[in-house]
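To keep things clear, I will list the structure first and then write my remarks on it.
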Amino acid sequence: MDVHRIIAALLTCCVLCSSAEFPEFIESNGLDIKGDNVCRHPVSRAKNITRAVRRTLSTVKQTTCYRTFRIPLPWFPYNLTRQTTKKCTKIENKVVVLNETMTKIFHGYSLKCCLHWKKINHTDLDCKKPICPNGCVHGKCIAGDTCRCDEGWQGYTCNQDINECYIGNGGCQHDCYNHVGSYKCTCRRGFRINPKNLTECIDIDECKASRSSCVCTVSSPQCQPKCINKIGYYKCQCPKGFKLLRPGTCIDIDECLTPNDCSYKCVNTQGGYRCECFKGMAYVKRIKTCRDINECKVNNGGCAQRCINMYSSYRCRCRLGYRLAADRKNCIKYQLPDFDENMKK
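If you use mature numbering (1 follows the signal peptide of the UniProt record, and there is no 0), the sequence shown corresponds to residues -19 to -1, 1 to 326, in order.
Structure representation (structure tokens):
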């Protein structure tokens, strides 16, 4: 590389560095160079300067020049001289002091608020108020051209709604519904939002909250539904032997219309049923069947003389010479006819 070019580059660098680090002037514009968000802008200013300088002035004059020359003669012991004239130009130099005006370029700084900042008050020495030229639609300007968005918003100017439901269902346990600038968790039927955690759903005890339809509207043995709470729902349960006709009403189940354990006769009752036997039979609950009753074992079946047990019944009999009375229990002695009196007749 040419040595002269290297030297020229070094000199240029020194001049630039010197002018940057040691400015010839600073225009404060009412700002402190050490204030917040105060920037230095390089500027150059031209200024006319008048100074006294010594100058050499040359004056050209026309004059007559004289020239003398000799004429040698060999045969004459002395030289002859002759003088001639002609027009000549003569320059005269004169040193004078003159006032000279020149333009000098000065390099320095002009202090201004940095981009997107300004003073809060005109008397401030620094720039602490941020400027967001495009505005912050749903947010606050917190620094130069920088918005801090409100919850639920995003984007350069905070004008884009965040759909929280797209990310992990918004943290909602059940359903997530997005709204402009916000979102809401909702619960499915039978659940409600936990007031201590608005993303969590807890079971509703409809039986305690009086939200169930298991409420009797008619005071009767048929209206006795019981509310059974389940996770996320509830059900009305009627007492044993009843079934739910409609919310709040239980009706008796006629067990006799369905297969049952009665061997002979089924009698429906409210909330149940009972097994009955034909006359002369007794129901044995242990074996759930009817057995013949030996009526003759109890007070001889009410018979005056003989009691004969039969399947599901009994009969009274009389001894020889007797016959049953009209009540079929007592016995009447036979009256034999008097043959002697008949003979007399």
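Built from N, CA and C at the ideal position, the CB exists for glycine as well.
- Query: Since Thr84 sits in a beta bridge, which residues does DSSP pair it with?
  - Reply: DSSP links Thr84 through a beta bridge to Asn29.
- Message: Is the beta carbon of Asn10 closer than 8 Å to that of Lys93?
- Response: Less than 8 Å divides the Cβ of Lys93 from the Cβ of Asn10.
- Task: Just the C-alpha distance for Tyr292 and Val279, rounded to the nearest angstrom, thanks.
- Result: Rounded to the nearest whole angstrom, the C-alpha separation of Tyr292 and Val279 is 16 Å.
- Report, in whole angstroms, the separation of the C-beta atoms of Cys277 and Cys256, which I expect to be a contact under 8 Å. About 25 Å separates the Cβ atoms of Cys277 and Cys256, ruling out a contact at the 8 Å cut-off.
- Query: With a CB to CB cut of under 6 Å and the five nearest residues on each side skipped, what residues in its chain are close to Arg287?
  - Reply: If we look at Arg287 and ignore the five residues flanking it on each side, its Cβ neighbours are Arg298.
- Roughly how many whole angstroms lie between the Cα atoms of Thr198 and Asp186? Legend: pLDDT at Thr198 = 48, less than 50; position of this residue unreliable, value from coordinates given subsequently. The straight-line gap from Cα to Cα measures roughly 21 Å.
- Using 10 angstroms around the beta-carbon of Asp233, count the other beta-carbons present and answer buried if the total reaches 16, otherwise exposed. It counts as buried.
- Item | Selection from Asp13, Ala307, Thr127 that minimises the alpha carbon distance to Leu105 | Checking the sequence shown, residue 105 turns out to be Asp, not Leu. Measuring from the Cα of Asp105, the nearest candidate turns out to be Asp13.
- Query: Is any beta-carbon of chain C found at less than 8 Å from that of Arg35?
  - Reply: Structure shown: chain C not included; a single protein chain is present.
- Item | Coarse secondary structure for Asn275, derived from DSSP in three states | Coil, per DSSP.
- 7 Å Cβ shell around Cys117 - same chain, five flanking residues per side excluded: These residues qualify, in order along the chain: Cys128, Thr138, Cys139.
- Minimum C-alpha distance to Gln154 - residue among Thr167, Tyr147, His103: Looking at the Cα atoms, Thr167 is the closest of the given residues.
- Item | Glu145, buried or exposed, once every other Cβ within 10 Å from all chains shown has been counted against 16 | The residue is buried, with at least 16 neighbouring Cβ atoms inside 10 Å.
- Query: Skipping 5 residues on each side, what residues in its chain have a beta carbon closer than 6 Å to that of Gly16?
  - Reply: Counting only Cβ-Cβ distances below 6 Å, and skipping sequence neighbours, we find Leu106, Asp107.
- Item | Selection from Gly252, Gln251, Lys269 that minimises the alpha carbon distance to Cys258 | Out of Gly252, Gln251, Lys269, Lys269 has the C-alpha closest to the C-alpha of Cys258.
- Item | Given Val24 as reference, the closest of Lys67, Ile86, Gly261 once Cα atoms are compared | Out of Lys67, Ile86, Gly261, the CA that lies nearest to the CA of Val24 is found in Ile86.
- Item | Neighbourhood of Met262 by C-beta, 8 Å cutoff - its chain only, sequence neighbours within 5 removed | Excluding positions up to five away in sequence, the list reads Tyr245, Cys271, Arg272, Asp273, Ile274, Ser293.
- Message: Would Cys188 and Tyr215 qualify as a contact pair, given that the criterion is a beta-carbon distance under 8 Å?
- Response: Yes, the pair counts as a contact, with Cβ atoms nearer than the cut-off.
- Backbone CA spacing between Thr45 and Lys75 [nearest angstrom]: If you take the alpha carbons of Thr45 and Lys75, they lie about 21 Å apart.
- Message: Could you give the first and the last residue of the continuous beta strand (DSSP E) run that contains Cys184?
- Response: Rather than Cys, the amino acid found at residue 184 in this sequence is Asp. Asp184 -> beta strand (DSSP E) spans 178 to 184.
- Message: Can you list, in chain order, the residues of its chain with a C-beta nearer than 7 Å to that of Ala307? Leave out the 5 residues immediately preceding and following it.
- Response: Contacts found: none.
- Message: Runs of 3 residues minimum, wholly inside the segment 251 to 311: which ones carry the beta strand (DSSP E) assignment?
- Response: 253 to 257, 262 to 265, 270 to 273, 287 to 291, 294 to 298, 303 to 305, all fully within the segment 251 to 311.
- Task: Less than 8 Å between the CB atoms is what I'm expecting for Asn80 and Thr31, so what's the real figure, rounded?
- Result: The C-beta distance from Asn80 to Thr31 rounds to 6 Å, short enough to fall under 8 Å.
- Message: Assuming Trp98 and Pro111 are in contact, meaning their beta carbons sit under 8 Å apart, how far apart are those beta carbons, in whole angstroms?
- Response: Between Trp98 and Pro111, the beta carbon gap of about 6 Å places them in contact (Cβ cut-off 8 Å).
- Could you check what DSSP says for Leu238 in three-state terms: helix, strand or coil? Leu238 falls in the helix class under three-state DSSP.
- Query: Does DSSP put Glu145 in a helix, in a strand, or in coil?
  - Reply: Note: Glu145 maps to helix in three-state DSSP.
- Query: Between residue 339 and the rest of its own chain, which residues show a CB-CB distance below 7 Å, the 5 nearest in sequence each way excluded?
  - Reply: Since the first residue of the chain shown is -19 and the last is 326, residue 339 is not available in this structure.
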